[in-house]
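Protein sequence lines, in the order shown, are assigned to chains V and F.
Our numbering puts the first sequence at residues 1 to 403.
Our numbering puts the second sequence at residues 10001 to 11160.
Positions of the beta carbon are idealized from the N, C-alpha and C atoms, including for glycine.
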Amino acid sequence: MGKTTYKRLKGSQSFRQRLLLATLSSTPIIIDEIRADDMIPGLLRHEMSLLRLFETVSDDCVVEVNETGTRLKYKPGIVMGGKNLVHSCALTRSMGYYLEPLLVLGLFGKKPLSIRLKGVTDDPKDLSVDTVRNATLHILKRFGVPSEGLDLKIEARGVAPEGGGEVLLTVPNVQSLTVCTFFFIFFSFLTASYVLSVYISLFQAVQWVEEGMVKKIRGWTFSARVSSDFEHSMRFAARGVFNNLLPDVHIFNDHKSGPHAGKSPGYGISLVAETTAGCYISADTAVSCGRADETGEIDVERQERKPAEDTGVEIASWLLQEIEKGGVVDSTHQGLLFILCALCQQDVSKVRVGTLSPYGVETLRNLKEFLGVTFSFRPDPSTGTVILTCVGSGLINLSRKLS
Amino acid sequence: MAADDLMSSQKSHRTRKSGPTMRKKSEIDKKKRGVADNKQPNPRAFSVRSVVKAKRLKIRAVEKEQRRIHLPTADRTYGEPPPFVVVVQGPPGVGKSLVIKSLVKHFTHQNVPEVRGPITIVQGKKKRIQFVECPNDINGMIDCAKVADLAILLIDGSYGFEMETFEFLNIMQVHGFPKVMGVLTHLDKFKDVKKLRKTKQRLKHRFWTEIYNGAKLFYLSGLIHGKYSQREVLNLSRFISVIKFHPLSWRTSHPYVLADRLEDVTPPEKIQMDKKCDRNITLYGYLRGCNLKKGMKVHIAGVGDYSLAGVTAFPDPCPLPSAAKKKGLRDREKLFYAPMSGIGDLLYDKDAVYININDHLVQYSKTDEVNGEPANKGRGKDVGEDLVKSLQNTKYSVDEKLEKTFINLFGKKTSASSERKLEEDAQSSPEGSDTESSEEFQSGDEVDDHEMDVDSNDGKIKEKTELRGGRLRRKAIFKDEDSDEDGDDDNDDEEAEDAESDGNEDEDEDGEDESVSDSQDSDEDDVEESEDKVLGNISKWKEPLKEKGRKKNPNLMQIVYGASASSATALINENNEISDDEDFFKPKGEHSKNLGGGLDAGHVNSEDCSKFVNYGNLKNWKEKEVCEDIRDRFTTGDWSKAALRNKNSVAGDEGEDDELYGDFEDLETGEKHNDHENMESGTNEDVEAAERRLKKLALRANDKSELEDDDNDNGDGINPRNSEAKEPGFVDKLKEELEIRKQMNLLELNDLDEDTRIDIEGYRTGTYLRLEIHNVPYEMVDFFDPCHPVLIGGIGFGEDSAGYMQARLKKHRWHKKVLKTRDPIIVSIGWRRYQTIPVYAIEDRNGRHRMLKYTPEHMHCLAMFWGPLVPPNTGFVAFQNLSTNQTGFRITATSVVLEYNHQTHIAKKIKLVGHPCKIKKNTAFIKDMFTSDLEIARFEGSSVRTVSGIRGQVKKAGKNMLDNNAQEGIARCTFEDQIKMSDIVFLRAWTPVEVPQFYNPLTTALQPRDKTWTGMKTFRELRSEHNIPIPVNKDSLYKPIERKTKKFNPLVIPKKLQAELPFASKPKNKPARKRPDLDARRAVVMEPEERKAHAIVQHYKLMSKVKINKKKAKEQEKRKAYEAEKAKKEVISKKRNREERRERYRTEDKQKKKMRRGQD
């Protein structure tokens, strides 16, 4: 179709979302001046890896990077999905970095996606795979994503710097997302030859503004190539924090050794609080040897490495902080929540979040730029939360075949 | 006497005593007499005989019921519905315009001189109709079919159906089938009543087979005084008004506008410089389909894809009587709007706009002064002309200005493109400084306000005339600037205006900025002052409103979206403002501190990380007091408080809203927000109640629709819903849910202020929009023809990129020829029309797509083609030729898109032939099959087969196995048996077929409409044009098979072998006999009786033989005579036939010529 017009963007900020939204809305983009003035100019290793991941998942997409890596030309193709895909992620970021866009991308594929990711499973910067599995997937289900076929299997742990972890992600493809108002249950009604799909709504939540009360807290700790004592002390410390508030706290442990433990030693914790309204609020971190930066100097976190008890207390406190902020998701998942809202049918979705995180604000801007979805905000001073309202873009999965 | 005799001779009538007639008669007789039938009807006749059968019947009934039900679709049209499009279609000369004229006359009592462009009329209290006449060419028909809500097919009853009708029907069927109504005209040409009745019957049944049984066919019996009879038009209008329109899936997911006005707004000097420069145009029309967002791309049918440079909502030019409030008695209700047809106040022409003013509304006497002034022009120019000229120059209509003033007053944000207009507003508003006039402004009354330049001797006076309330007021504005000599150069005026209104403009812009940034309070007074200056008294009563408007503008939105405009300091200010009570925006502030203003647009390389962790300021959650803060967020805490948390926020907000909104009327849309709901939902109302309320609303809405549905069903005669009504089924529940959803959306959206609402959901359907589009080819303006509909359709995500599409296609049964692969076809798909090159295929059993050279005759096949993508399940229709003077059926195929892809998987069969050049045991070296070793490598392992059926496999390139100087392309193959040198080896394989990446949009709007669009030609056309014969492959020709008779050598058995053979197998060499053997030689002597008998038999034989011979001769003679007769007859009939045919052809030719002449 003749000339393609590219949307011009600048800088490396919100790289993932730009790629994701460009793919979903099939807008070709050019990103200029990516870290042009930095010590290490151009795209970083994990960003290149993310581009490779997009290439793996989609068909006929064109990626052009100039020599210095400061300019990226991306023309999205069709998201194919498919089985038995493998991608080895760059070790500079953990799996959470790749999973966040991939989860949404997989929903709009031609076929259901099943991909094996290899690399670092947990690190303090990104979502840990435990959190993705126990909180993020639940958020997706809220948007009408069928729960069968939506799964994340952690096959091996791997922490920075060497990685060696492996997860298997399966995401079903959908026709479109439904507004998070109703829970639809599908069951088919068979009459001789005629099948009528019938929806029943349960009115679980009219709109996702109700936070509910935290009814239970679940946690997952892991240790790889270190003694499981670390886990015990983390658990003990974390539970101690919740003692005042809730008795229903259970933290599972997952000690890995041998090939399932990856290549580097480390341990981590992920806590998820589930509320009576079906909200999941999470906090996580992982502790390991710092990875060497591209400049050669070791990351700061190495100096800051704390004893396991402190980590446990810190994450537990962080979770409580998130709960205090309010909202139906924690600050980390705000971006995802907004994206999902914006991808919904052309109905009004209304969500309550705590304080807007910078990432969430970034997301909102990107959504306006790519999908033309504007949110309206209504602060709720009494609880310190914000209620966001938007009309979905009504994006439908064009690539899914007509059956 | 004789007669009596005759009478008596006749038999008297004997009544029947038995038989079916008698039985029937007797029964009737009995019934008449009231005699009870002694025969009891079988009491078990209708009882259940077989349980299985009963069950089956029940299932069938249920199934039938289920089939009737279809999944309800969500209705997302929240605004006032746009006028329904009624397309009047028919072959030329059937009376389309006359029908429209009669209908318009009926509805509005207004004569339409000419039907040009859509005519909008108000039909009832709640309904508007837009009549569109379908042009006679196929492009117009396609565009009409895409927008029609109801199609009225006009059929010339005296002539019968014409192809156009069926073509149009087919086009509609593919693009979602709107409602259809047939109308027979020209029925007065029938003199014979019986024939008329017969024809009606025939046409009706034909119509039914094409659409559905019982489709409405109307009869317009004839003309009275050149018009259809009033009674019949009334009936037709009634049928039009009761028709229900159901949503069509493509249209509900794409916004579209049927433009009823087009204006060229290119700067005139640009046109002067280059007449063929790209133009900027504005298009006006009602928004239909779904909501239109600001950044959307659109496709203008027949022109191409464009992004909207500006969208503005306009007050409805033809509002519903309920929506438009009457201000005075003088106010006539506008019942029609047809800017291009010349009815109504505004006549829109290609290069001018004329305003109709009734004489009694205008006092011309005052204008005489102006007339008295000498005109500089050579040609006589009077004020009317001047006035109209300057009207044309004002560029923006009064409505637009009014629109802007309104927005301005409420402190709303305006787009950059409309700032120009604001400047004008600022200038024009002092004019109507009294309160009354301002009110008139808002109500969107008809106030004609225009400026004109009059060249006078003493410098230049700019004259501003205002036509209001039948009085012409002119205000003279002096200016030093020289105005151009040419009166029609409007841009200069424009500039002049700008310059003149600079003073106001600055202040005004300031005001705008303030209202946008809305941060510094100190300047606000200033602004208000300036606005006061501008608005005079009006601002006084608007003050409270304005303040409210300011307050309700959520600041958070600007922080998030207006990032580039607002500086970091402003951001922090905001934070401080709000975070008095608690640290509401604290993390952001921190963030900006930490990352050095990370929210700024300047920091473009910030890290992409969703987590935002700051462990530094964690509270010590181990302490009990700290924990107490969030105690209620846990199930262990106080449940009532926690419940309050959710409730409070909602209720509190609504309370706030109430305060903000109160009772006010949205003047722009005419909606009245007296917020009964909000009041109801007062302060102490909880979520449940809100839900209940929603449900109630939904139920009410549902009931209404149900009732309407029932009405509909009653028309069909069967109403299965009744049985269902008591017990709500799943579908009903679903419907209710959708309705609740809708109400909820409405509630949410109505909470927002107008500007934010448009930002969030876009322009609602039913709004009258002005779409500005830049850089359109000049041809569009030059060749603009109001009779052709201008369709502007929105493009969804990803629909502007091209790719391969796979479609299920079927040749139309009325198209005579099958379609050939790679022959270009013109498709109409989505909003678009384009030419593309398809490759046809069919899916094999194993899922392979095998290429087809031609489409199957009566079967679906797959078509793969390149073009702009559309979502799966979109139908399209294909043409080969768009010319009007083509006989026959123009639609070649109908189809539906299955999926799209970025590659194709079509394969065709390929058969490679080779010969053995060397044979080992089971291995043979095959030559001639491949040309290179590389090719062999590609085919390694594939199976081959000889003619005699010996199977084998390609192993490897057999270079080294042969002599050193062997040529390339010899493959080593192994077979299941040894093959012969004379064998031929075949390799059957599949080779991928490329689909050409060709896509050529139809630019029919960029050329004269009567010209046929020509695109890529087919092979056949090219060959016939250039006189190139069809290439013939000699090998493909059929030749007579000549087989040599094979001569075999005599069988020779070696002597040695002969000796060993058993006697039976030994060849017996008998020497030839010299004399005949005994059997032949012996004589037969018969007995006398025998001889006698023999003689008799011989006689009989002879006799019969002679008889037969005679008979044969006779028969032959007879046949000869017959043949002769037949030949004679044939000669005669041939002669007659020829004459007949000649006559027929002559008349046909005449007719055709006539038709062609008529069309041209």
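| Item | Value |
| --- | --- |
| Residues, ordered as in the chain, of the region 116–135 of chain V that lie near chain F by beta-carbon distance below 9 Å | 124, 125, 126, 127 |
| As assigned by DSSP and simplified to three states, the class of residue 315 of chain V | helix |
| Residue nearest to residue 35 of chain V in terms of C-alpha spacing, selected from V:228, V:123, V:71, V:270 | V:71 |
| Bounding residues of the alpha helix (DSSP H) (the contiguous stretch that carries residue 234 of chain V) | 229–242 |
| For residue 11028 of chain F, the three-state DSSP class (helix, strand or coil) | coil |
| Cβ of residue 83 of chain V within 8 Å of any chain F Cβ | no |
| Residue closest to residue 269 of chain V, alpha-carbon to alpha-carbon, out of V:91, V:102, V:122 | V:122 |
| Closer than 8 Å to chain V by CB, residue 10630 of chain F | yes |
| Alpha carbon of residue 10127 of chain F to alpha carbon of residue 10082 of chain F, nearest angstrom | 9 Å |
| Proximity to residue 111 of chain V [Cα-Cα], best of V:221, V:157, V:171 | V:171 |
| Where the region 10283–10316 of chain F meets chain V: residues whose CB sits under 8 Å from a CB there | 10290, 10291, 10293, 10294, 10295, 10296 |
| Close-in-space but distant-in-sequence residues of the same chain around residue 10970 of chain F (CB under 6 Å, 5 per side omitted) | 10925, 10927, 10958 |
| Cβ contact (3+ pairs, closer than 8 Å) linking the region 10808–10824 of chain F and the region 11014–11021 of chain F | yes |
| For residue 10042 of chain F, three-class secondary structure by DSSP | coil |
| Test: residue 6 of chain V CB closer than 8 Å to a CB of chain F | no |
| Whole-angstrom C-beta distance between residue 148 of chain V and residue 155 of chain V, which should lie under 8 Å | So it is not a contact: roughly 20 Å between Cβ atoms. |
| Residue 10830 of chain F classed as buried or exposed, judged by whether at least 16 other C-beta atoms fall within 10 angstroms | buried |
| Alpha helix (DSSP H) segment containing residue 106 of chain V, residue limits | 95–107 |
| Residue 10207 of chain F: first and last residue of the uninterrupted alpha helix (DSSP H) it sits in | 10193–10210 |
| Cβ pair count under 8 Å reaching 3, the region 10767–10774 of chain F against the region 10307–10323 of chain F | yes |
| Top-ranked residue by Cα proximity to residue 10837 of chain F, from F:10018, F:11129, F:11001 | F:11001 |
| The beta strand (DSSP E) enclosing residue 10238 of chain F, as first and last residue numbers | No beta strand (DSSP E) contains residue 10238 of chain F, which is instead part of the alpha helix (DSSP H) from 10230–10242. |
| Sub-8 Å separation of residue 143 of chain V and residue 91 of chain V beta-carbons | no |
| Buried versus exposed, by CB contacts within 10 Å (16 or more), residue 10086 of chain F | buried |
| Residues from the region 10871–10885 of chain F in contact with chain V, defined by Cβ distance under 8 Å | 10871, 10872, 10873 |
| Residue 256 of chain V, enclosing beta strand (DSSP E) - first and last residue | 249–256 |
| Rounded Cβ spacing between residue 10234 of chain F and residue 10109 of chain F (contact assumed at less than 8 Å) | Incorrect: roughly 13 Å between the Cβ atoms, too far for contact. |
| Residue 11141 of chain F, DSSP secondary structure in three states | helix |
| Chain V contact residues for residue 10760 of chain F, given Cβ-Cβ distances below 9 Å | 348, 373, 374, 375, 376, 389, 390, 391 |
| 7 Å Cβ cut-off: residues of chain V touching residue 10865 of chain F | Near residue 10865 of chain F there are no residues of chain V at all, since even the closest Cβ is about 13 Å away, more than 7 Å. |
| Given residue 272 of chain V as reference, the closest of V:220, V:325, V:81, V:313 once Cα atoms are compared | V:220 |
| Residue 10763 of chain F at chain V interface by Cβ criterion, 8 Å | no |
| Rounded distance between the beta-carbons of residue 10094 of chain F and residue 10156 of chain F, thought under 8 Å | 5 Å |
| Chain-ordered neighbours of residue 10903 of chain F on chain V, where CB pairs are closer than 9 Å | 59, 60 |
| Delimiting residues of the alpha helix (DSSP H) encompassing residue 10059 of chain F | 10051–10068 |
| Contact with chain F by residue 167 of chain V, beta-carbon distance below 8 Å | no |
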